[in-house]
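Here is the structure we will look at.
As structure tokens, this is what we get:
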């Protein structure tokens, strides 16, 4: 079976809101200029808000959010071929984690407040989920934290699965394998924070974005338990401005942390100094930057309400991204997925 070309970038979109069937689009990156060019026909699906690769690049998986399904695709010479759809086990799946050995996929169900494990079949398609853990609890925000909301499932380098729960202000950590999940630790964070996404630094420190209080919390980790040691505002912003951090990611060398901020509509750059973050700059983006991806010397930002994905060239010395001027039109983009990197 063919593997995806290393210069391809796939973009997932919310189709229902945009009124389009162009759910997953493929683009080819020029590694010198960063420009994205169309690379095949769009794939139709229902709200594929998150995309994830099989580690060998032969299959792609998508969280079909409003359909409460997880989709499996094979890479072919003509693009992506749908292999099947499995119920996600809960409402609004919004994130996927794929086992580095290609044995299973974990889905985080936002409204369902649960985490499901799917084995990967011999043909690369997902089998029906065989383990489901439902979170319990709530938080102080009556509108956003009336119950659990699993928002991200991340397999850390230590092999543990960390799941952020926006509704309960916790990160729940699991040992995970083909058989399912085993709870290891539950880490309470600041009440009302609304943990959304997290990123793991090469040192093992974990950064957590608080969607509801617009902060980034720095945590040390021991035995699966996250212990907050410092926090910063996610952006300088404007006084009284409501801001909702979305995605965050470390630079490959670990010197910088990038945080996408919706409301302030910027990509905030922090210098990583041990277990502290030093603000460097707020770089303006398009409207409502829901997600971004670092790819070589470039950053690609999905401006959900701007219907664009914008390119930036990143200076590895200063960490600062500068607009390249190249913007592609994508209805309601939600996720930017570069091809899997080869060792």
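In full-length UniProt numbering, the protein residues as written are 1 to 343.
Cβ coordinates follow ideal geometry from the N, Cα and C atoms, glycine included.
Small disclaimer: the values here were computed from a predicted structure and weren't measured.
| Query | Result |
| --- | --- |
| Within 8 Å, do at least three Cβ pairs link the stretch 156-169 to the stretch 180-194? | yes |
| So, with DSSP's three-state summary, where would you put residue 305? | helix |
| Leaving out the 5 sequence neighbours to the left and right, which residues in its chain are closer than 7 Å to residue 102 when beta-carbon positions are compared? | 54, 55, 56 and 120 |
| Any idea if residue 44 is buried or exposed, counting beta-carbon neighbours within 10 angstroms, 16 or more meaning buried? | exposed |
| Within its chain, find whatever has a CB closer than 8 Å to the CB of residue 2; leave out the 5 residues flanking it on each side and keep chain order. | 58, 75, 76 and 77 |
| Cβ atoms of residue 90 and residue 145: under 8 Å apart, would you say? | no |
| Can you name, in chain order, every residue of its own chain whose Cβ lies under 7 Å from the Cβ of residue 129, other than the five neighbours on each side? | 86, 89, 116, 117 and 118 |
| What's the gap between the Cα of residue 252 and the Cα of residue 219? | 19 Å |
| Since residue 105 and residue 339 should fall inside the 8 Å C-beta cutoff, what is the C-beta to C-beta distance between them, to a whole number of angstroms? | That belief does not hold up - the Cβ atoms of residue 105 and residue 339 are roughly 18 Å apart, past 8 Å. |
| Helix, strand or coil, according to DSSP, for residue 16 in the structure here? | helix |
| Identify every run of the beta strand (DSSP E) within the stretch 167-207, keeping only runs that are complete inside it and at least 3 residues long; order them along the chain. | 170-177, 180-188 and 195-200 |
| Considering only the beta carbon of each residue, do residue 24 and residue 52 sit closer than 8 Å? | no |
| Considering only their Cβ atoms, is the gap separating residue 270 from residue 280 smaller than 8 Å? | yes |
| Looking only at its chain, what residues have a beta carbon closer than 6 Å to the beta carbon of residue 328, apart from the 5 residues adjacent to it on each side? | 36 and 309 |
| Classify residue 274: buried if its beta carbon has 16 or more other beta carbons within 10 angstroms, exposed otherwise. | exposed |
| Let me make sure I understand the geometry here. Which of 294, 123 and 68 has the alpha-carbon closest to that of residue 260? | 294 |
| Could you tell me whether the stretch 222-240 touches the stretch 313-322, where touching means 3 or more Cβ pairs closer than 8 Å? | no |
| Report yes if the C-beta distance between residue 422 and residue 108 is below 8 Å; otherwise report no. | A query on residue 422 cannot be resolved here, the shown segment of the chain reaching from 1 to 343 and no further. |
| Give the straight-line distance between the Cα atoms of residue 160 and residue 206, rounded to the nearest whole angstrom. | 13 Å |
| My guess is that residue 231 and residue 221 are in contact by the Cβ rule of under 8 Å, so how many angstroms apart are they, rounded? | Actually they are not in contact, since the Cβ atoms of residue 231 and residue 221 sit about 16 Å apart, beyond 8 Å. |
| According to the neighbour-count rule (16 or more other Cβ atoms, all chains shown, within 10 Å of its Cβ), is residue 268 buried or exposed? | buried |
| Taking the alpha-carbon positions, what's the residue 229 to residue 113 distance? | 27 Å |
| On the three-state DSSP scale, how would you describe residue 247? | strand |
| Any idea if residue 125 is buried or exposed, counting beta-carbon neighbours within 10 angstroms, 16 or more meaning buried? | buried |
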